[in-house]
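S.K.: The number in this note's numbering is simply the position in the sequence shown, starting from 1, with 1256 added. Note that beta-carbon positions come from the ideal geometry of N, C-alpha and C, so glycine has one too. Note that the coordinates shown come from a computational prediction; the quantities given were computed from them, not determined experimentally. There's a structure below that I have some questions on.
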Amino acid sequence: MAELVPAPVVWPMLTAILLLALGSHPRAQRLVSLASLAGLLGVAVALAVATADGTVLVHRLGSWPAPFGIVLVVDRLAAVMLLLTAGTGLAVLLYEAATRDPRLERLPFLPLFQFLVMGIDGAFVTGDLFNLFVFFEVLLIASYGLLTLGASARQLRAGLQFVVLNLLASALFLFGVGVLYGLTGTLNLADLAVKVPAVAAGDGAGLLHVATMTLLVVFATKAALLPLAFWLPDAYPAPPVAVSAMFGGIATKVGVYALLRVWTTAFDGVRASGAEVMLALGTVSMLVGVLGAVSQTELRRLLSFHIVSQIGYLVFGIGLFTVAGVAAAIVYLVHYTIVKCALFLLAGATERVGGSPELGRLGGVAHVSPALGALFLVAGLSLAGLPPTSGFVSKALLAGAGIGAERWLGVTVVFVAGLLTLFSMMKIWTSAFWGTPAQPAAAPPRAGALLAVGLLVSFSVTLAAAADPLWRYAEATATQLLDVPSYVAAVAPALPAGGGR
């Protein structure tokens, strides 16, 4: 099964090349893209089944052992992220195929989409920091291309801001890994887990602190965590809906994944130095992000501010660095990825029916399409965390983990931000879906688009019904993440597991 580990990277790369060769045949490109994502979902399911018992799949490129060669690793967490990427990607492509945005048919949307999936999957399976940097760059190039498709003034302005900030983050990333390599002589995560504690106890402790905090800033920027999130509310509403949904659903989670993976594995020996910073940033992001959302009057911009707030929930759970906190963050990540992707697609359908992205110009969409109104209501209440939705389950788990760690301020903010999220969702509902239709002759959304979103919302509802097995899986995943000696033994058996700690 380890031979299948490179597939999530190689598969979309080959598909993108094939799509470029197909040129101006949008129908053929669309069919190939859908078949590729369906196949990738099958690969992700196979990897999830193979790692469900705690097995860590390791693929050594060229048969070179770690830390000397490049390793690709899939454990429970990576398998979940691959599943989310393939699942949300397939739903987005189904929606795009049903709506057939004429702007995207004339542009290289589908090849760029596949390169985006390649960059995301590569970040999830890589076992070293340098290749994490490489896949971040693949992700950045594909994201910039997708963000500026159509070249409207708003897109170019948002794209420029996006690329400048991310290039600065990339420069900081290189600085951080350079310092880390100079101190330890390695960038392999398993080898770093062994060597970092020795550096922290010696003369290099100060430089090590600089390197770890630099990487924390880089990952916080990629994840859109306050105060490094100012680029996101301008960038995500600018491109076509399918792009916004993929960005909002999964792309931002790569930064959160990097925080979780690197701090639980490579920086296990200095974890406490980042924990307090993460808890503070997560708490601020939860509150300030949702306050920004409440003040917005444009649908997708409002949802974009919510991303900042929801990333705060995730980082708060990670910053606890307890099994309960990390497991709650994993449950929240699964719920939130699906719901946020669904909400962006629903926002696109709502704008299409209502004829405007401005809440003040929308109205009565539920009368034109009751199914669209019902799906938005379920997804919105789930984002707000009302019982018995998956959002309620995940927020209750986060609050419980915070209470267990006696983080009372964070727990309070979890509840306050939840109430403000509910208020903002009701603001959308009453403005866009209630009342008299703004466009009496508006056509309802296409059945294929509703089916794509319906699948996501149905899965979100299923998560709430399957809360107990989901929690047990997340708890086992968190336990595996925090068991660093076992990770080292699986990835680099020749190294002394535990690093003498």
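Which same chain residues, not among the five before or five after Phe1429, have their C-beta less than 6 Å away from its C-beta?
M.R.: As a working mapping, residue 1429 is identified with position 173 in the sequence shown. Same-chain partners within the cutoff: Phe1389 and Val1474.
S.K.: Use the C-beta contact count for Glu1352: other C-beta atoms within 10 angstroms, 16 or more gives buried, fewer gives exposed.
M.R.: Here residue 1352 refers to the residue found at position 96 of the sequence shown. Looking at its Cβ environment, which holds 16 or more other Cβ atoms inside 10 Å, Glu1352 is buried.
S.K.: Please check the pair Leu1615 and Ser1560, which I expect to be a contact at CB under 8 Å, by giving their CB distance rounded to whole angstroms.
M.R.: Here residue 1615 refers to the residue found at position 359 of the sequence shown. Here residue 1560 refers to the residue found at position 304 of the sequence shown. With 8 Å as the limit, Leu1615 and Ser1560 do not qualify as a contact, their Cβ atoms being about 14 Å apart.
S.K.: For Ile1376, count the other beta carbons within 10 Å of its own beta carbon; 16 or more makes it buried, fewer makes it exposed. Which is it?
M.R.: For the purposes of this step, residue 1376 is taken as the residue at position 120 of the sequence shown. Under this definition Ile1376 is a buried residue.
S.K.: Cutting at 6 Å between CB atoms, please list the residues of its own chain near Thr1271, excluding the five before and the five after it.
M.R.: By one-based count along the sequence shown, residue 1271 stands at place 15. Same-chain partners within the cutoff: Ser1292 and Gln1370.
S.K.: Assign Ala1427 to one of two classes, buried (16 or more other C-beta atoms within 10 Å of its C-beta) or exposed (fewer than that).
M.R.: Your numbering for residue 1427 matches position 171 in the sequence shown. With fewer than 16 Cβ atoms within 10 Å of its Cβ, Ala1427 is classed as exposed.
S.K.: Measure the C-alpha to C-alpha separation of Gly1619 and Ala1746 and round it to an integer number of angstroms.
M.R.: Taking the sequence shown and counting its residues from 1, one reaches residue 1619 at position 363. Taking the sequence shown and counting its residues from 1, one reaches residue 1746 at position 490. Between Gly1619 and Ala1746, the C-alpha separation is close to 56 Å.
S.K.: Which residue's Cα is closest to the Cα of Ala1354: Gly1704, Leu1726 and Tyr1400?
M.R.: Counted from its first residue, the sequence shown places residue 1354 at position 98. That would be Gly1704, whose Cα lies nearest to the Cα of Ala1354.
S.K.: State whether the region 1330 to 1340 contacts the region 1278 to 1286, with contact taken as three or more CB pairs (one from each stretch) at a distance under 8 Å.
M.R.: No, the region 1330 to 1340 does not touch the region 1278 to 1286.
S.K.: Excluding the five sequence neighbours on either side, which residues of its own chain have a C-beta within less than 6 Å of the C-beta of Ala1585, listed in chain order?
M.R.: Counting from 1 along the sequence shown, the entry for residue 1585 is found at position 329. Closer than 6 Å at Cβ, skipping near neighbours: Leu1570, Gly1573 and Ile1574.
S.K.: Pick out whichever of Leu1349, Ala1494 and Ala1479 has its Cα sitting closest to the Cα of Gly1415.
M.R.: Residue numbering aside, residue 1415 sits at position 159 when the sequence shown is read from its first letter. Nearest C-alpha to Gly1415: Ala1494.
S.K.: For Asp1490, which of Arg1556, Ala1501, Tyr1437 and Tyr1588 has the nearest alpha-carbon?
M.R.: As a working note, residue 1490 is residue 234 in the sequence shown. The option with the nearest alpha carbon to Asp1490 is Arg1556.
S.K.: Counting only the same chain and skipping the five closest in sequence on each side, list residues whose C-beta sits under 7 Å from that of Ala1661.
M.R.: Here residue 1661 refers to the residue found at position 405 when the sequence shown is read from its first residue. Hits under 7 Å: Leu1576, Thr1578 and Gly1581.
S.K.: In the DSSP output, what is His1315 paired with across the bridge?
M.R.: Taking the first residue of the sequence shown as 1, we reach residue 1315 at position 59. Note: His1315 sits in a beta bridge opposite Leu1328.
S.K.: Run through DSSP, which three-state label would Glu1393 get?
M.R.: Here residue 1393 refers to the residue found at position 137 of the sequence shown. Helix.
S.K.: For Gly1754, which residues from the same chain have a beta carbon less than 8 Å from its beta carbon, with the 5 sequence-adjacent residues on both sides left out?
M.R.: Your numbering for residue 1754 matches position 498 in the sequence shown. For Gly1754, the predicted model reports a pLDDT of 48, less than 50, meaning its position is unreliable; a value from the coordinates is still stated below. Contacts found: Val1450, Val1740, Pro1741 and Val1744.
S.K.: Compare the C-alpha of His1465 against each of Val1667, Arg1527, Pro1643 and Asp1724 and name the closest.
M.R.: In the sequence shown, the residue the question calls residue 1465 occupies position 209. Closest by alpha carbon: Arg1527.
S.K.: Cβ atoms of Ala1514 and Leu1445: under 7 Å apart, would you say?
M.R.: As a working note, residue 1445 is residue 189 in the sequence shown. As a working note, residue 1514 is residue 258 in the sequence shown. Not in contact: Leu1445 and Ala1514 (Cβ atoms no closer than 7 Å).
S.K.: Do Thr1606 and Val1621 have their CB atoms nearer than 7 Å?
M.R.: Residue mapping note: residue 1606 aligns to position 350 of the sequence shown, counting from 1. Residue mapping note: residue 1621 aligns to position 365 of the sequence shown, counting from 1. A contact, by the Cβ cut-off of 7 Å.
S.K.: What did DSSP end up calling Glu1532 once you bin it into helix, strand or coil?
M.R.: On the sequence shown, residue 1532 is found 276 positions in, with the first residue counted as 1. Glu1532 falls in the helix class under three-state DSSP.
S.K.: Who does Asn1444 pair with in a DSSP beta bridge?
M.R.: Position 188 of the sequence shown holds residue 1444. DSSP lists Asp1384 as partners of Asn1444.
S.K.: Let me know if Leu1675 comes out buried or exposed under the rule of 16 or more other beta-carbons within 10 Å of its beta-carbon.
M.R.: Here residue 1675 refers to the residue found at position 419 of the sequence shown. When all chains shown are included, Leu1675 counts as exposed.
S.K.: If you drop the 5 nearest sequence neighbours on each side, which residues of the same chain put their C-beta closer than 7 Å to that of Ser1500?
M.R.: Along the sequence shown, one-based indexing puts residue 1500 at 244. For Ser1500, where only same-chain residues beyond five positions count, the Cβ hits under 7 Å are Tyr1492, Pro1493, Arg1556 and Phe1600.
S.K.: Use the C-beta contact count for Ser1319: other C-beta atoms within 10 angstroms, 16 or more gives buried, fewer gives exposed.
M.R.: As a working mapping, residue 1319 is identified with position 63 in the sequence shown. Label assigned to Ser1319: exposed.
S.K.: In the DSSP assignment, what residue or residues form a beta bridge with Glu1554?
M.R.: Against the sequence shown, residue 1554 aligns to sequence position 298. Paired residues: Glu1614.
S.K.: Does the region 1676 to 1692 touch the region 1541 to 1558, meaning 3 or more C-beta pairs lie closer than 8 Å?
M.R.: In short, these stretches touch, since the Cβ pair count reaches three.
S.K.: Count the other CB atoms within 10 Å of the CB of Thr1520; is the residue buried (16 or more) or exposed (fewer)?
M.R.: Position 264 of the sequence shown, counted from the start, is the residue given in the question as residue 1520. Looking at its Cβ environment, which holds 16 or more other Cβ atoms inside 10 Å, Thr1520 is buried.
S.K.: Which of the three DSSP states, helix, strand or coil, is assigned to Ala1722?
M.R.: Numbered from 1 along the sequence shown, position 466 holds the residue referred to as residue 1722. Three-state result, Ala1722: coil.
S.K.: Return yes when the Cβ of Leu1481 is within less than 7 Å of the Cβ of Ser1541, no when it is not.
M.R.: Counting from 1 along the sequence shown, the entry for residue 1541 is found at position 285. Counting from 1 along the sequence shown, the entry for residue 1481 is found at position 225. In this structure, Leu1481 lies closer than 7 Å to Ser1541 by Cβ.
S.K.: Looking only at its chain, what residues have a beta carbon closer than 7 Å to the beta carbon of Leu1287, apart from the 5 residues adjacent to it on each side?
M.R.: Position 31 of the sequence shown, counted from the start, is the residue given in the question as residue 1287. Taken in chain order, the list of residues that qualify is empty.
S.K.: Taking a contact to mean a Cβ-Cβ separation below 7 Å, would you say Leu1276 touches Pro1367 in this structure?
M.R.: The count along the sequence shown starts at 1 and reaches residue 1276 at position 20. The count along the sequence shown starts at 1 and reaches residue 1367 at position 111. In contact: Leu1276 and Pro1367 (Cβ atoms closer than 7 Å).
S.K.: May I have a chain-ordered list of the alpha helix (DSSP H) segments no shorter than 4 residues that lie completely inside the region 1618 to 1650?
M.R.: Runs of the alpha helix (DSSP H) inside the region 1618 to 1650: 1621 to 1624 and 1626 to 1640.
S.K.: Can you tell me whether DSSP reads Gly1755 as helix, strand or coil?
M.R.: One-based indexing of the sequence shown puts residue 1755 at position 499. In this prediction, Gly1755 has a pLDDT of 45, which is less than 50 and means its spatial position is unreliable; nothing more can be read from the coordinates.
S.K.: Count the other CB atoms, across all protein chains shown, that sit within 10 Å of the CB of Ile1273; report buried if there are 16 or more and exposed otherwise.
M.R.: As a working mapping, residue 1273 is identified with position 17 in the sequence shown. Flag for Ile1273 reads exposed.
S.K.: Roughly how many whole angstroms lie between the Cα atoms of Gly1666 and Pro1364?
M.R.: For the purposes of this step, residue 1666 is taken as residue 410 along the sequence shown, with counting starting at 1. For the purposes of this step, residue 1364 is taken as residue 108 along the sequence shown, with counting starting at 1. Going by the C-alpha atoms only, they are around 44 Å apart.
S.K.: Answer with buried or exposed for Gly1504, where buried requires no fewer than 16 other C-beta atoms within 10 angstroms of its C-beta.
M.R.: Locating residue 1504 in the sequence shown gives position 248, where the first residue counts as 1. Buried, because 16 or more other Cβ atoms sit within 10 Å of the Cβ of Gly1504.
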